[in-house]
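In what follows, a single structure is set out as structure tokens and then discussed.
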Amino acid sequence: MVEAVGEQDRKDEPRVDAVTTLGRLPGMGRTESVVRTDAELIREAQANDHSAFETLVRRPAERAFRAAYRVVRDQQAAEEVLQEALIKAYRALPRFEARSSFYTWLYRITVNLALDRRRRGKREPTLEWDDAIAHQVDPRAQVSVAHDPEIDLRRQEVRALVAEGIQTLPDAQREVLLLREVDGLSYEEIAESMRISKGTVMSRLHYARKKMIVFLAQRGVDPEDVI
């Protein structure tokens with residue numbers, strides 16, 4: 001429905017060094033040797049333990065960076081978005097009530113900041129990631145692509161309709177769809193991040209896709225064009 005990013009495509013994306021990014025934040029950058037659960041790390045981080053927060057975000061920071069990159073389509077901008085998201089998450093952590101997983105919460109913060117940045121136009125022109133996936137090319141490569149204005153316009157219209165349709169979905173279904181199709185998470189990763197069963201993930205994803213097919217068909221879009 002939303003162009004899913006394959007395993008090879010994710011490997012080709014730029015990556016962020018979470019430790020380096022954390023090291024830019026006050027009090028961060030120390031190493032962690034004791035394995036603790038997210039719940040334990042959250043409690044300790046809420047008590048101003050910087051090393052606990054660093055450990056808590058080390059793994060999800062990479063995925064959050066990829067999510068930001070797919071929105072802003074620029075590595076430096078994505079790194080800046082991630083750093084801002086980590087600062088915001090750290091400051092808001094005392095109010096975190098664990099109604100969703102920490103990763104899902106950080107994901108929402110990161111994507112919202114990335115969308116705000118894109119709306120402000122603070123990114124350099126670059127080859128659209130969606131088009132790059134469709135043509136199986138690296139969006140960061142210096143390539144020359146001949147565009148058909150009518151095709152480009154239609155793609156923009158379809159992407160706008162997809163975005164509009166996603167906003168009509170119930171929160172639970174929208175979140176699963178985005179985690180699967182935009183962030184490229186597996187069913188198991190989604191289940192873990194949302195603290196639901198794999199079966200529930202598959203069920204929500206099924207109904208989300210079904211509703212999107214109906215939404216797009218009613219607006220003259222062949223779902224095959226965006227699958």
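The letter at position 18 of the sequence shown is residue 18 when you use my numbering, and the numbering goes up by one with no holes. Using N, Cα and C, we set each Cβ at its ideal position, and we do this for glycine too.
- Contact check for Met212 against Gly165 passes: the beta carbons are separated by less than 8 Å.
- In the DSSP assignment, Glu97 falls outside any alpha helix (DSSP H), carrying neither H nor E.
- Asp116 and Ala68 have their C-alpha atoms some 11 Å from each other.
- Judged by pairs of C-beta atoms under 8 Å, the stretch 84-101 touches the stretch 49-60, as three or more such pairs exist.
- Inter-segment contact for the stretch 68-80 and the stretch 101-118 is present: three or more beta-carbon pairs are separated by less than 8 Å.
- For Ala208, the secondary structure class from DSSP, reduced to helix, strand or coil, is helix.
- In the structure shown, Asp171 falls within a helical segment according to DSSP collapsed to helix, strand and coil.
- Across the structure, Ala45 and Arg195 are spaced so that their CA atoms are roughly 21 Å apart.
- The three-state reading of DSSP puts Leu106 in helix, counting H, G and I together.
- Residue state for Ile196 is assigned as coil, using DSSP reduced to three classes.
- When the Cα atoms are used, Leu161 and Asp222 turn out to be separated by approximately 12 Å.
- With a contact defined as Cβ atoms closer than 8 Å, Ala64 and Thr110 qualify at about 4 Å.
- Counted as a single uninterrupted DSSP element, the alpha helix (DSSP H) harbouring Glu62 occupies residues His50 to Val72.
- With respect to Lys198, Ala191 sits close: the two C-beta atoms are nearer than 8 Å.
- Asp38: member of the alpha helix (DSSP H) spanning Asp38 to Gln46, first to last residue.
- By the criterion of a C-beta distance shorter than 7 Å, Trp105 is surrounded in its chain by Phe96, once the five residues flanking it on both sides are discounted.
- From the listed residues Ala52, Arg66, Glu157 and Leu169, the smallest Cα separation to Gln83 is found for Arg66.
- DSSP places Gly184 outside both helix and strand once states are collapsed to three, so it counts as coil.
- Distance from the CA of Val81 to the CA of Glu150, rounded to the nearest whole angstrom, comes to 33 Å.
- Residue state for Asp222 is assigned as coil, using DSSP reduced to three classes.
- Of the other Cβ atoms in all chains shown, fewer than 16 fall within 10 Å of the Cβ of Asp171; this residue is therefore exposed.
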